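Here's the structure we're looking at; comments come further down.
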Amino acid sequence: MSKITDLEFVLPSGEEEKKREDQVYDVIIVGGGPAGLTAALYAGRSLLSTLLLEKMLPGGQAATTDRIENYPGFPGGISGADLMQRMEEQAREFGVEIGSGEVTRLEVDNGIFKLYTDEGISLGRTVILASGARERKLGVPGEEEYRGRGVSYCATCDGAFYKGKQVVVVGGGDSAVEEGLYLTRFAGKVTLIHRRDQLRAVKTAQERAFANPKMAFVWDTVVEEIMGTRMVENLRLKNVKTGQISELAADGVFIYAGMEPNSEFLQGLVEMDSSGYVISDENMATSLPGVFAAGDLRKKSLRQVSTAVGDGATAAMAAERYLSERHNR
Ligand code: NAP
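Position 155 (the sequence shown) corresponds to 154 in numbering that gives the first Met the number 0; numbering is contiguous.
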């Protein structure tokens with residue numbers, strides 16, 4: 000198997016796309032975050048012909064995280080973009096093909112899986128679903144209207160625009176607290192608004208946030224509306240205990256209200272829980288034979304880069320076993 004040394008992400012030519020459509024891959028991986036890239040590394044290293052399909056650039060949500068402190072092997076932490084670039088390089092070292100395209104439909108025909116993307120159709124003997132999760136919207140007036148004009152879901156991408164400004168972070172989980180702390184590097188003040196009176200985030204991050212003089216907290220409160228003229232200017236808030244309505248001036252709002260699985264294209268094909276997370280067993284096998292799930296898309300108790308990596312490795316090895324039992328590979 001030839002090694003690919005050019006690590007740049009290159010879009011396939013029409014000819015390559017055609018070749019891809021004719022080939023039946025041993026494994027097709029949907030999604031290029033930590034779970035997908037690890038599955039790709041393990042599948043490639045097992046000499047399985049492997050295609051990874053990613054709708055954007057490989058790296059997933061982890062690539063937009065400023066600093067990852069709890070991925071083992073990197074004392075002092077590592078930037079999410081660096082870590083994910085290393086994972087991509089390592090997968091490519093084992094001959095994995097990385098293609099662009101958002102999978103919108105999955106069909107099975109005579110034991111062969113057909114994956115439809117906006118770029119064409121790819122065929123595989125097994126599929127590893129690693130399409131992750133996306134940010135949950137608050138669903139309040141102004142959120143969509145001011146997206147990119149003060150409303151953001153990515154502090155690493157947009158934080159630097161808020162030097163010396165008043166910024167609001169919504170949510171009380173790890174993302175809200177860690178990204179809020181990151182924003183204190185730029186903003187004059189970061190106000191975290193949480194719907195309860197206790198954070199959900201890990202205790203060490205909470206301690207750092209409470210000790211940071213640039214951070215303020217508004218408890219038991221939800222955002223009812225995001226308002227402005229050309230850009231965000233203020234928020235209408237509601238205290239959920241007293242019902243009191245107030246306004247807060249803000250130049251930017253960073254929303255971290257949790258995640259939703261990217262599993263719409265799997266409706267009716269694999270078993271899911273009521274929130275749309277894919278149910279899989281300890282080998283990452285879903286209810287559809289030959290289809291495995293890994294990472295944030297799965298119903299699981301801990302969604303971290305470290306657990307996504309474990310899922311990816313397990314799914315690839317399970318796919319290899321499935322192939323050797325059914326396809327003599
Ligand atoms: P999360 O843990 O689900 O937290 C979402 C937060 O948003 C919660 O505090 C929730 O409030 C609040 N929320 C949900 N819907 C809301 C709404 N409509 N209006 C207002 N607030 C709302 O999500 P996350 O922080 O994005 O983290 C996702 C996963 O990634 C978690 O498993 C997390 O541990 C992991 N993660 C880990 C790290 C790390 O280890 N360094 C960093 C980032 C993320 P309630 O608390 O009341 O439910």
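In this text, a Cβ means the ideal position worked out from N, Cα and C, and glycines have one as well.
Remember, predicted model here, so these are calculated numbers, not experimental data.
- Membership of residue 99 in the beta strand (DSSP E) is indicated by the continuous run 96-99.
- Residue 219 sits in coil when the DSSP states are folded into three classes, being neither helix nor strand.
- If you ignore the 5 residues before and after residue 170, its C-beta comes within less than 6 Å of the C-beta of 255, 256, all in its own chain and listed in chain order.
- Looking at 252, 173, 105, 150, the one whose alpha-carbon comes closest to that of residue 199 is 173.
- For residue 188, the enclosing beta strand (DSSP E) covers residues 188-192.
- Residues 102, 103, 104, 105 of the same chain have their beta carbon placed closer than 7 Å to that of residue 264, with the five preceding and five following residues left out of the count.
- Here residue 249 has 149, 165, 166, 167, 190, 231, 232, 233, 234 as same chain residues with Cβ atoms under 8 Å from its own Cβ, once five neighbours each way along the sequence are excluded.
- Straight across, the Cα-Cα distance linking residue 289 with residue 108 is about 12 Å.
- Out of 213, 229, 36, 47, the CA that lies nearest to the CA of residue 57 is found in 36.
- Of the heavy atoms belonging to the ligand NAP, at least one sits nearer than 6 Å to the Cβ of residue 69.
- Remark: C-beta atoms of residue 141 and residue 223 do not approach each other more closely than 7 Å.
- Excluding its 5 nearest sequence neighbours in each direction, residue 213 has C-beta neighbours in its own chain below 8 Å: 183, 186, 187, 188, 189, listed in chain order.
- In the three-state reduction of the DSSP assignment, residue 65 falls in the coil class.
- Beta-bridge annotation (DSSP): residue 292 is paired with 128.
- Of all C-beta pairs linking the stretch 125-133 to the stretch 157-164, fewer than three are shorter than 8 Å, placing the two stretches out of contact.
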